[in-house]
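*Asks:* Numbering (this note's numbering), first residue to last: 13 to 207.
No residue lacks a Cβ here, since even glycine has one placed at the ideal position from N, Cα and C.
Everything numeric in this text was worked out from a predicted model, so none of it was measured.
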Amino acid sequence: MKKQPLNTPLPHTLATPAGTIHYQLTRKKVRNLNVRLRPDGSVAVSAPPRMPLGEIEAFLAKKSGWVLSARQRMLATAPAAPCRYTKAECLALFAPVCDAIFPLFADLLGGQKPTLKVRDMTSRWGSCNLKTRTITLNMRLAEKPRAALEYVVLHEYVHFLHTGHQAPFHAEMARLMPDYRQRRKLLREPGPDSK
Ligand SMILES: [Zn+2]
C-alpha cells in the first residue's frame, strides 16, 4: 500500500454510543491528538504520525458526547437566511439618510461626502474607515426601523471626529441626537451588536 503523505485529511466514520461521528483525520507532526470543530460543523482530528487508529478512535468515542453536542450547537447558530434586500435596494434606502446627516460634518470633511458601501455583516451594524473616508453599513439595517438606521449612520459619521467610544464620542452623539440610546435599543432584537 502506498504510504499516505502527512497532512492529507482522510475521511473516517466512527460509530459511538452517542451517535456516528464523521471526521477528517490528518496525520501531523504534533505531540497530542487534537479534535477541532470547524464552523461548518465538520470534525477535524489531527494526530501524531504513529498513533494507532484504535487509540485515536477510543479517545474520540470517550469525547463523543461533547463532540456531537458541540456540533449540534454550532449548526444551530449557523448564519441566518440571506438578507431580504439586495445591495442596490439597501444603497437606495441608506444613501438619503447619509446625505441628510452629511451637512453636519461637511466642514470637517472638506465638503466631500464619504463613500457609502453596504455589506451583509454578522458582527457589526456599520464601520467607518477614516483613511478611505468610507462608511460601510450592514445590509440588515434595511430590516430595522428608520430611527435605528439614522442612529447607526450618525454613529459612523461621529467616528470622523472621535475614533473610539469614549466619553467625547457619546457626548457628541447626545448633542446631535439626544435620543440616540433609545434608537440604539431598536437594533437589539435580534441581530448583531452595535459597534
Ligand atoms: Zn463605533
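(1) Any idea what DSSP makes of histidine 182, helix, strand or coil?
(2) Let's see if you can read the secondary structure: which residues bound the alpha helix (DSSP H) around glycine 66?
(3) Sorry if obvious, but does the Cβ on histidine 171 come closer than 7 angstroms to a heavy atom of ligand 1?
(4) Quick one, which of Ala104, Arg145, Pro64, Cys95 has its alpha-carbon nearest lysine 117's?
(5) How big is the Cα-Cα spacing for leucine 22 and tyrosine 35?
(6) With C-beta atoms as the reference, is valine 11 less than 8 angstroms away from serine 54?
(7) Restricting to runs no shorter than 3 residues, where is the beta strand (DSSP E) found entirely within the segment 80–135?
(8) Histidine 167: beta carbon under 7 angstroms from a heavy atom of ligand 1?
(9) Return yes when the Cβ of arginine 96 is within less than 8 angstroms of the Cβ of leucine 49, no when it is not.
(10) Assuming leucine 153 contacts phenylalanine 114 (C-beta within less than 8 angstroms), just tell me the rounded distance between them.
*Replies:* On the basis of the data shown:
(1) Helix.
(2) DSSP places glycine 66 in the uninterrupted alpha helix (DSSP H) bounded by 65–74.
(3) True, at least one ligand heavy atom lies under 7 angstroms from that Cβ.
(4) Note on residue identity: the sequence assigns phenylalanine, not lysine, to residue 117. Closest option to phenylalanine 117, Cα to Cα, is Arg145.
(5) Each residue's Cα considered, the two are about 8 angstroms apart.
(6) Residue 11 is absent from the structure shown; the chain starts at 13 and stops at 207.
(7) As far as the segment 80–135 is concerned, its whole beta strand (DSSP E) runs of at least 3 residues are 127–131.
(8) Distances from the CB of histidine 167 to the heavy atoms of ligand 1 include at least one below 7 angstroms.
(9) No; because the gap between Cβ atoms is not below 8 angstroms, this pair is not in contact.
(10) The beta-carbon distance between leucine 153 and phenylalanine 114, rounded to whole angstroms, is 17 angstroms. This is too long to meet the 8 angstroms contact definition.
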